[in-house]
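Numbering (the UniProt record's numbering), first residue to last: 1 to 203. Notes follow the structure.
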């Protein structure tokens, strides 16, 4: 790899046409990567792109990966991962499991809940309705799935007496449900509030 010429560097700091600066900048980058050569065909262009990607992978990305690996060695974590890969697999490899009413029912801690009042809505949302469980989870916590490490703080459900529509605090993982005279009104208000929320957590 030949060193970048001082002329190429100097041109970047001189006033001139924008196109001239772009050409000189491209030349400087290819010189630094070590693949400066004339472009005569489309294949030459593809080879140049390949060379730049290989350079970025080997000289930039791998450095971060090696640093991360050395950090895990320091605390003995890497050895544990290598010794027990199956135990660490759920934590390190994302697997998007489909949300179910049972998962959400056990995930959220309910404060001052009337017996069974939330379970029916969760079970119905699990079926093909206007609002699915992923919509409800996004509204309440800003997520469509439960993270492998769990959620902090633990999600909870509270009840509102001053709003006909649901409200959520995604920072605190809190979903506030309206208190309605009947389940049919509750369901309509929940569906409307979640579907018409401008962003998660606000109806």
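Using N, Cα and C, we set each Cβ at its ideal position, and we do this for glycine too. Predicted, not measured: the structure shown is a model, and the values here were computed from it.
- Of all alpha-carbon atoms in 54, 35, 133, 160, the one lying nearest the alpha-carbon of residue 195 is that of 133.
- The alpha helix (DSSP H) runs of length 4 or more contained entirely in the UniProt domain "HECT" (136-203) are, from start to end of the chain, 183-195.
- Between the alpha carbons of residue 159 and residue 110 lies a gap of roughly 9 Å.
- Around the beta carbon of residue 174, a 10 Å sphere encloses 16 or more other beta carbons of the protein chains shown; the residue is thus reported as buried.
- At the C-beta level, residue 90 and residue 148 come within 8 Å of one another.
- Within the DSSP bridge table, the entry for residue 110 names 157 as partners.
- With 16 or more other CB atoms across the displayed protein chains lying within 10 angstroms of its CB, residue 99 is buried.
- In the DSSP assignment, residue 66 falls within the unbroken alpha helix (DSSP H) covering 62-74.
- Judged by their CB atoms, residue 72 and residue 78 are nearer to each other than the 8 Å cut-off.
- Distance from the CA of residue 93 to the CA of residue 150, rounded to the nearest whole angstrom, comes to 14 Å.
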